[in-house]
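Worksheet: the structure to be examined is printed underneath.
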Amino acid sequence: MANYAEKPQMGFIEACSTACKKIVTFKGRARRSEFWWAILGIFIINLIMTPVGYMGIAGVIISNLVSLAITILSLSLTFRRLHDTGRSGWFVGIPFIISMIGLVAIFYGILSMDINIFELIETPDMLSQEIIENMNNSTSMNIMAGSFLFIISGLLSLVVFVFCCLDSKPGTNKYGESPKYVEEV
114 MANYAEKPQM GFIEACSTAC KKIVTFKGRA RRSEFWWAIL GIFIINLIMT
164 PVGYMGIAGV IISNLVSLAI TILSLSLTFR RLHDTGRSGW FVGIPFIISM
214 IGLVAIFYGI LSMDINIFEL IETPDMLSQE IIENMNNSTS MNIMAGSFLF
264 IISGLLSLVV FVFCCLDSKP GTNKYGESPK YVEEV
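Its first residue numbered 114, the sequence shown is counted upward by one per residue in my numbering.
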């Protein structure tokens, strides 16, 4: 059996830089230090960008573009992290797709209700009664199905979270060489 030596951990700047350089790279592997430091960087960017979204139309556009970039970066980073543990990156794709289907179902259910949202904003005490009166079976089924899909997506996301916490597989796997371990000669 081969002996492996561990490379030094990535620091915050190196991890964020590597993640940004590989924003659309869904192949290869990302070690834990790269993943979690980059996730911290994403969290910090989100904190900064939240108030930017309230700064007029330019702020909304900038905030949405940054959100799109962060989503792509997060997906590619998680794909590579899962590869490092010897798992398919689609473990993250499945909850993402399920949550998007759930979002569409809920959105469609809300749109199919015959409610004037602007009137409800002016008289919020009428909100619950108005919603109950205007819900039909199709609407409630869409909203319930979407909610169920969000719950399933959340549970699958917890599984992905646990996988991302696991250590790298030493040596080469079908996704490439280990970014953490090198074989001792």
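Ideal Cβ placement from N, Cα and C applies to all residues, glycine included. Just so you know, these numbers come straight off a predicted model, no measurement behind them.
Ala115 in three-state terms, based on DSSP: Of the three classes helix, strand and coil, the one that applies to Ala115 here is coil, per DSSP.
Bounding residues of the alpha helix (DSSP H) (the contiguous stretch that carries Val173): Run containing Val173: Gly169 to Asp197, per the alpha helix (DSSP H) assignment.
Val295, enclosing beta strand (DSSP E) - first and last residue: Note, Val295: beta strand (DSSP E), Tyr294 to Glu296.
Enclosing alpha helix (DSSP H) for Lys134 [first to last residue]: Counting along the chain, Lys134 sits inside the alpha helix (DSSP H) bounded by residues Phe125 to Lys134.
Endpoints, the alpha helix (DSSP H) within which Tyr221 is located: In this chain, the alpha helix (DSSP H) harbouring Tyr221 covers Trp203 to Leu224.
Through-space distance from Ala258 to Asn159, alpha-carbon basis: Spanning the two alpha carbons is a distance of roughly 29 Å.
Bridge partners - Gly289, DSSP secondary structure assignment: Answer is Asn286.
Under the three-state DSSP convention, the category Val275 falls into: Helix at Val275.
Alpha helix (DSSP H) segment containing Gly141, residue limits: Element bounds for Gly141: n/a, residue is neither H nor E.
Counted within 10 angstroms of its Cβ, other Cβ atoms place Met123 as buried (16 or more) or exposed: With 16 or more Cβ atoms within 10 Å of its Cβ, Met123 is classed as buried.
Sub-8 Å separation of Phe276 and Leu216 beta-carbons: Contact check for Phe276 against Leu216 fails: the beta carbons are separated by 8 Å or more.
Check whether Ser270 and Lys282 have beta carbons under 8 Å apart: Their beta carbons are not under 8 Å apart, which means Ser270 does not touch Lys282 by this criterion.
Cβ contact (3+ pairs, closer than 8 Å) linking the region 136 to 145 and the region 179 to 190: With contact defined as three or more Cβ pairs closer than 8 Å, the region 136 to 145 and the region 179 to 190 are in contact.
Cβ shell of Gly154 (< 8 Å), same chain only, five flanking positions each side left out: Hits under 8 Å: Phe125, Ala128, Cys129 and Ala132.
Check whether Ile219 and Ser180 have beta carbons under 8 Å apart: Their beta carbons are not under 8 Å apart, which means Ile219 does not touch Ser180 by this criterion.
CB-CB length for Ile211 against Ile265, believed under 8 Å: That belief holds up - the Cβ atoms of Ile211 and Ile265 are roughly 6 Å apart, short of 8 Å.
Beta-carbon gap between Ala118 and Asp197 smaller than 8 Å: Note that the C-beta distance between Ala118 and Asp197 is not below 8 Å.
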